[in-house]
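Q: Protein sequences appear in the order of chains Z and R.
Reading the first sequence from the start, the letters are residues 6 to 261 in this note's numbering.
Reading the second sequence from the start, the letters are residues 6 to 261 in this note's numbering.
Okay, handing you the structure first.
2 protein chains.
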Amino acid sequence: MKILISNDDGIDSPGITLLAEELKKIGEITVVAPLTEQSAVGHAITVKSPLRVTKHYINGKFFGYAVDGTPADCIKIGIRNLMKEPPAIVISGINHGSNTAINIIYSGTVSAAREAAIMDVPAIAISITSHEAVHFEFAAKLSARLAMMVINEGIRSGTLLNVNIPDLPKEKMKGILLTQQGKSKWDDIYEERVDPYGKKYYWLTGNLIQADSSLDADQFAIKNDYISITPIHFDLTDYKTYSAMKEWKLDNLLKE
Amino acid sequence: MKILISNDDGIDSPGITLLAEELKKIGEITVVAPLTEQSAVGHAITVKSPLRVTKHYINGKFFGYAVDGTPADCIKIGIRNLMKEPPAIVISGINHGSNTAINIIYSGTVSAAREAAIMDVPAIAISITSHEAVHFEFAAKLSARLAMMVINEGIRSGTLLNVNIPDLPKEKMKGILLTQQGKSKWDDIYEERVDPYGKKYYWLTGNLIQADSSLDADQFAIKNDYISITPIHFDLTDYKTYSAMKEWKLDNLLKE
Chain Z
6 MKILISNDDG IDSPGITLLA EELKKIGEIT VVAPLTEQSA VGHAITVKSP LRVTKHYING
66 KFFGYAVDGT PADCIKIGIR NLMKEPPAIV ISGINHGSNT AINIIYSGTV SAAREAAIMD
126 VPAIAISITS HEAVHFEFAA KLSARLAMMV INEGIRSGTL LNVNIPDLPK EKMKGILLTQ
186 QGKSKWDDIY EERVDPYGKK YYWLTGNLIQ ADSSLDADQF AIKNDYISIT PIHFDLTDYK
246 TYSAMKEWKL DNLLKE
Chain R
6 MKILISNDDG IDSPGITLLA EELKKIGEIT VVAPLTEQSA VGHAITVKSP LRVTKHYING
66 KFFGYAVDGT PADCIKIGIR NLMKEPPAIV ISGINHGSNT AINIIYSGTV SAAREAAIMD
126 VPAIAISITS HEAVHFEFAA KLSARLAMMV INEGIRSGTL LNVNIPDLPK EKMKGILLTQ
186 QGKSKWDDIY EERVDPYGKK YYWLTGNLIQ ADSSLDADQF AIKNDYISIT PIHFDLTDYK
246 TYSAMKEWKL DNLLKE
């Protein structure tokens, strides 16, 4: 089984190294990951400049391909040019920090998996819920098991699984929950500062406002020490509003 | 009525200038747009470096704020720091080139409007279906009318309207259609080239494979000279797969 591995923290992050180690046990892996950290790049792709691909070695041994682009770039060029045949599955991670609720929109980790789903390849995005995560080994094992389950059960084209794992020892986790994207959002604050030359600049900070209170929301599940698995897709149509808008007199927009 | 205007082509593009001219007639406008072109940046936000904001002038007259970041950055900092009170509506565009089907995922124009929707502000993304678009005036007028309609009809929080307008004289357009996100996708090709120093690099090219054949799909509507209006949102949960996955034995993933 061919497995393509990527991430958004960069090819030399601990999360992807441990993930690759574990996935080697269940398949033939190819690592294609960003040369540099690409957090919060969303689903950016590189179109106005060319991409360069370099071979990345760990302790003198070939580890994978580093791309000077985004996570979505890595999946596209990995599947189109670097792999001889398409993978059976793409795994993106292990991300340092959770990707739940509104963060799914901004996440580079998720966008790598989503790009795979766009290319009709089943995909999983894996994150640990702490930027100083230490429990990668369990997360890597879980990734391998879930990959096998996805292959065995099958998943419809265009869907990926977004997995968030508490940064806890396994025995402290409460279990696994199937969830939906939560509604928690950031209260953004731009800190205004002045540089040594008297010019203003702004740093984005903020607080995640907890708007979820049910265990079927990804954000609430991880807050309560559960592993969260959310199926997501890229059909953005708001069907509820679509129905409501049938009553709008859109033709009036064309009248003089 | 306060209106926030942004885009992804950059603050000095013709599309945003003409849009601002027209929207001035129906409200008090604030322009906050990227300093440089930000096409295909998806929903990227700037978190690892600070943002700078400069005042942009056209013919010596203040036009708006240029931000050295992404379209989503512009909306966030526009609403949080640059405007005294939140706008009644955000309009993003007028983009040079269509944003239909899979391109909605990659679009910076749409991400600006989506960021507004995340911040509970009604929003419209406007694109003309040609990179060499010339029919901006009609598109700008339509934007103003649709903005009024959105304000009057109301739209639920979290939803934005994605509008694509054929680059045609008004009399050649067939009408306006309410649509869904189409299924057309790119067949990506990375052209391999060699630089003057003998090193390989890759340019992304490709063809949009037309997978839509019904007028309720955005991509097919514009191909047939209709204006397309699609309500989209940012709830990415795949509810169909969510239901199907209730049968999966996820607890098995935790067994030794």
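Virtual Cβ for every residue (Gly too), placed ideally from N, Cα, C.
The structure displayed is predicted, hence computed values, not measured ones.
First and last residue of the alpha helix (DSSP H) that includes threonine 246 (chain R)?
A: 244-249
Q: Cβ closer than 7 Å: which chain R residues qualify as neighbours of alanine 45 (chain Z)?
A: Ala49, Ile50 and Val52
Q: In the DSSP assignment, the alpha helix (DSSP H) including valine 46 (chain R) goes from what residue to what residue?
A: Where valine 46 (chain R) is concerned, there is no enclosing alpha helix (DSSP H), given that its DSSP letter is neither H nor E.
Q: Where does asparagine 100 (chain R) land, buried or exposed, given buried means 16+ other C-beta within 10 angstroms?
A: Here asparagine 100 (chain R) is buried: its Cβ has 16 or more other Cβ atoms, across all protein chains shown, within 10 Å.
Q: Could you pull out every residue in the same chain whose Cβ sits closer than 8 Å to the Cβ of isoleucine 123 (chain Z), ignoring the five residues on either side in sequence?
A: Gly163 and Phe239
Q: Assuming arginine 198 (chain Z) is part of the beta strand (DSSP E), what are its boundary residues?
A: Note, arginine 198 (chain Z): beta strand (DSSP E), 190-199.
Q: List the residues that DSSP assigns as beta-bridge partners of glutamate 90 (chain R).
A: Beta-bridge pairing links glutamate 90 (chain R) to no other residue.
Q: Could you tell me the boundaries of the beta strand (DSSP E) in which tyrosine 231 (chain R) lies?
A: 231-237
Q: Just to confirm my understanding: we take aspartate 221 (chain Z), look at its own chain, exclude 5 residues before and 5 after, and list those with CB closer than 8 Å. What are they?
A: Spatial neighbours of aspartate 221 (chain Z) in its own chain (CB-CB distance under 8 Å, excluding positions within 5 residues in sequence) are listed in chain order as Leu182, Leu183, Thr184 and Gln185.
Q: Would you say isoleucine 80 (chain Z) lies against chain R (beta-carbon separation less than 8 Å)?
A: no
Q: Which residues share a DSSP beta bridge with glutamine 185 (chain Z)?
A: Z:Ala222
Q: For tyrosine 70 (chain Z), would you say it is in contact with chain R, using Cβ-to-Cβ distances shorter than 8 Å as the test?
A: no
Q: Identify the continuous beta strand (DSSP E) that holds isoleucine 8 (chain Z) and give its terminal residues.
A: 7-11
Q: Could you give the residue range of the alpha helix (DSSP H) that holds glycine 115 (chain R)?
A: Looking at the sequence shown, residue 115 (chain R) is not glycine but valine. Looking at the DSSP string, the run of the alpha helix (DSSP H) that includes valine 115 (chain R) is 113-123.
Q: Going along the chain, which residues of the region 82-103 of chain R sit with their C-beta nearer than 9 Å to a C-beta in chain Z?
A: The region 82-103 of chain R vs chain Z, Cβ under 9 Å: Ile82, Ile84, Arg85 and Asn86.
Q: Name the DSSP beta bridge partners of valine 95 (chain R), please?
A: DSSP output for valine 95 (chain R) lists R:Leu9 and R:Ala128 as bridge partner(s).
Q: Does DSSP classify lysine 81 (chain R) as helix, strand or coil?
A: helix
Q: Closest to glutamate 42 (chain R) by C-alpha separation, out of R:Trp253, R:Ala249, R:Glu197 and R:Cys79, would be which residue?
A: R:Cys79
Q: Closer than 8 Å, CB to CB, is aspartate 32 (chain R) near chain Z or not?
A: Looking at the sequence shown, residue 32 (chain R) is not aspartate but glycine. No, glycine 32 (chain R) does not count as interfacial toward chain Z.
Q: Where does arginine 119 (chain R) land, buried or exposed, given buried means 16+ other C-beta within 10 angstroms?
A: buried
Q: Are the CB atoms of aspartate 14 (chain R) and leucine 40 (chain R) within a distance shorter than 8 Å?
A: no
Q: Tell me which residues of the region 142-159 of chain R have at least one Cβ-Cβ distance to chain Z shorter than 8 Å, keeping chain order.
A: Leu147, Arg150, Leu151, Met154 and Glu158
Q: Among residues of its own chain, excluding the 5 on either side of valine 115 (chain R), which ones have a beta-carbon nearer than 7 Å to its beta-carbon?
A: Asn104, Ile109, Ala130 and Asn167
Q: Using the beta-carbon of each residue, which ones in chain Z are nearer than 8 Å to serine 116 (chain R)?
A: Gly47
Q: Cutting at 8 Å between CB atoms, please list the residues of its own chain near glutamate 33 (chain Z), excluding the five before and the five after it.
A: Met6, Lys7 and Ile8
Q: For alanine 128 (chain R) and leucine 151 (chain R), what's the separation of their Cα atoms in angstroms?
A: A direct Cα-Cα distance of roughly 10 Å separates alanine 128 (chain R) from leucine 151 (chain R).
Q: In the DSSP output, what is leucine 56 (chain Z) paired with across the bridge?
A: R:Tyr207
Q: If you drop the 5 nearest sequence neighbours on each side, which residues of the same chain put their C-beta closer than 6 Å to that of serine 233 (chain R)?
A: Asn169, Leu182, Thr184, Asp223, Ala226 and Ile227
Q: How should isoleucine 263 (chain R) be labelled, buried or exposed, when 16 other C-beta atoms within 10 angstroms of its C-beta is the threshold for buried?
A: The structure shown has nothing for residue 263 (chain R), since chain R only spans 6 to 261.
Q: Where do the ends of the beta strand (DSSP E) carrying glycine 69 (chain Z) lie?
A: 66-72
Q: Tell me the rounded alpha-carbon separation between valine 126 (chain R) and leucine 87 (chain R).
A: 16 Å
Q: What does tyrosine 247 (chain Z) reach in chain R if we use C-beta pairs closer than 7 Å?
A: Leu183, Gln185 and Pro236
Q: Please confirm whether valine 58 (chain Z) has its beta-carbon closer than 8 Å to some beta-carbon of chain R.
A: yes
Q: What number of angstroms, rounded off, separates the C-alpha of tyrosine 70 (chain Z) from the C-alpha of leucine 241 (chain R)?
A: 30 Å
Q: Relative to the C-alpha of tyrosine 62 (chain Z), which candidate in Z:Thr134, Z:Arg198 and Z:Thr22 has its C-alpha closest?
A: Z:Thr22
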